[in-house]
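J.: If you want the working numbering, it's the 1-based position in the sequence shown plus 50.
Backbone N, C-alpha and C define an ideal beta-carbon position, used for all residues, glycine too.
On a predicted model such as this, the values are computed, not experimentally measured, just so you know.
What follows is a single structure, and I will ask about it in a moment.
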Amino acid sequence: MPISRSSSKPFTQQPVIIFDLDGTISDPKVGIVRCMNHALKAHGYPTRDEAEISRYIGPPLDLTFQTLVKSDDPVLVASLVATYRDRYATEGYAENTLYDGMVEVIKALAEHYPLAVCTSKRRDFAEMILARFDLLPYFQFVNGGEIGVQKTQQLSALLHQGDIDARAIMIGDRNVDLIAAHNNGLRAIGVLWGYGDEAELSQENPAEIVGSPEALTTAIRKLAAYIE
């Protein structure tokens, strides 16, 4: 399965800073909950409450649907994903909200480091969200996932394609972000304003766990200086 990508080989003297999107830059909960329930209802399944669906924000969409409907039937899962995306393309993406302070962090970091996004979300959706908040120009590239593609595979492909090197730093709110980074020999920083708690993130031994965007800027600069 190809991994959607757009890159301009952003190597500089500084490490590439790779951001997860959902739960790290923006809060997708409203759109994801509504789109999930739209897909479930359309396929005859009961809708789920916000708290239950929120637990699945971060991992790939196909894996979430497999869990919710207790089936790994590829035809059913693909249909659920397609129905979800039909609504997401017209309404769901616009139901994202930015986390306070992230605009300032991204703008400040972009003055010193090449920035990128690596998300399980489809690339066009991720770019629509970033463009809606006027943030897309600050990123050298956006890498998105597809059905059956894990974030570990996405980062591996970026390394093999030469889009990033071993100095890259992954920023994310879920264990899947940190695991993907470590599986590829990259350093990672966990953030606590998204959907993973400190216990989840600590288990993966990131370089640092931060509780605010301001602290993230400091942590990135410290880690980047160490890597250099």
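Is it buried or exposed for Gly81, if we count other Cβ within 10 angstroms and need 16 for buried?
T.: Taking the first residue of the sequence shown as 1, we reach residue 81 at position 31. It counts as buried.
J.: How big is the Cα-Cα spacing for Leu183 and Asn233?
T.: Translated into positions along the sequence shown, residue 183 becomes position 133. Translated into positions along the sequence shown, residue 233 becomes position 183. In the sequence under discussion, the amino acid at residue 183 is Phe, which differs from the Leu named in the question. Rounded to the nearest angstrom, the two C-alpha atoms are 31 angstroms apart.
J.: Asn87 lies in the beta strand (DSSP E); which residues open and close that run?
T.: Against the sequence shown, residue 87 aligns to sequence position 37. Unbroken run through Asn87 is the alpha helix (DSSP H), 79-92; no beta strand (DSSP E).
J.: For Phe189, name the three-state secondary structure that DSSP assigns.
T.: By 1-based counting over the sequence shown, the position of residue 189 is 139. If DSSP states are grouped into helix, strand and coil, Phe189 belongs with coil.
J.: Would you kindly report the start and end of the unbroken alpha helix (DSSP H) that includes Val153?
T.: Against the sequence shown, residue 153 aligns to sequence position 103. Where Val153 is concerned, the enclosing alpha helix (DSSP H) stretches over 152-160.
J.: Between the segment 173-193 and the segment 215-224, do three or more beta carbon pairs fall short of 8 angstroms?
T.: Contact between the segment 173-193 and the segment 215-224 is absent, because fewer than three Cβ pairs lie under 8 angstroms.
J.: Using the C-alpha atoms, what's the distance from Ala166 back to Ala231?
T.: For the purposes of this step, residue 231 is taken as residue 181 along the sequence shown, with counting starting at 1. For the purposes of this step, residue 166 is taken as residue 116 along the sequence shown, with counting starting at 1. Straight-line Cα distance between these residues: approximately 14 angstroms.
J.: Given Pro109, which residues of its chain have a CB within under 8 angstroms of its CB, disregarding the five upstream and five downstream residues?
T.: Mapped onto the sequence shown, residue 109 falls at position 59. Excluding positions up to five away in sequence, the list reads Ser170, Arg224, Val226.
J.: When you compare the CB positions of Tyr95 and Leu111, do they come within less than 8 angstroms of one another, or not?
T.: Taking the first residue of the sequence shown as 1, we reach residue 95 at position 45. Taking the first residue of the sequence shown as 1, we reach residue 111 at position 61. Their beta carbons are not under 8 angstroms apart, which means Tyr95 does not touch Leu111 by this criterion.
J.: Between Leu118 and Arg98, how many whole angstroms is the CB-CB distance? I'm expecting something under 8 angstroms.
T.: Sequence index remark: in the sequence shown, residue 118 carries index 68 (1-based). Sequence index remark: in the sequence shown, residue 98 carries index 48 (1-based). Between Arg98 and Leu118 the Cβ distance is about 7 angstroms, and since that is below 8 angstroms, they are a contact.
J.: For Glu141, which of Val155, Cys85, Lys91 has the nearest alpha-carbon?
T.: Counting from 1 along the sequence shown, the entry for residue 141 is found at position 91. Out of Val155, Cys85, Lys91, the CA that lies nearest to the CA of Glu141 is found in Cys85.
J.: Have a look at Val155 and Thr147 and give me their C-alpha separation to the nearest angstrom.
T.: Within the sequence shown, numbered from 1, the residue matching residue 155 stands at position 105. Within the sequence shown, numbered from 1, the residue matching residue 147 stands at position 97. So the two alpha carbons sit approximately 16 angstroms from each other.
J.: Answer with buried or exposed for Gly246, where buried requires no fewer than 16 other C-beta atoms within 10 angstroms of its C-beta.
T.: Working through the sequence shown from its first residue, we reach residue 246 at position 196. Looking at its Cβ environment, which holds 16 or more other Cβ atoms inside 10 Å, Gly246 is buried.
J.: Give a yes or no on whether the C-beta atoms belonging to Pro256 and Ala238 are separated by under 8 angstroms.
T.: Walking along the sequence shown from the start, residue 256 turns up at place 206. Walking along the sequence shown from the start, residue 238 turns up at place 188. In contact: Pro256 and Ala238 (Cβ atoms closer than 8 angstroms).
J.: In terms of alpha-carbon separation, which member of Arg137, Ile259, Arg271, Gln200 lies closest to Cys168?
T.: Your numbering for residue 168 matches position 118 in the sequence shown. Answer by Cα proximity: Gln200.
J.: Where does Thr268 sit, in a helix, a strand or coil, going by DSSP?
T.: Residue mapping note: residue 268 aligns to position 218 of the sequence shown, counting from 1. It is helical.
J.: So the candidates are Lys91, Glu254, Gly244, Gly261; which of them puts its Cα closest to the Cα of Asp72?
T.: The sequence position of residue 72 within the sequence shown is 22, counting from 1. For Asp72, the nearest C-alpha among the options comes from Gly244.
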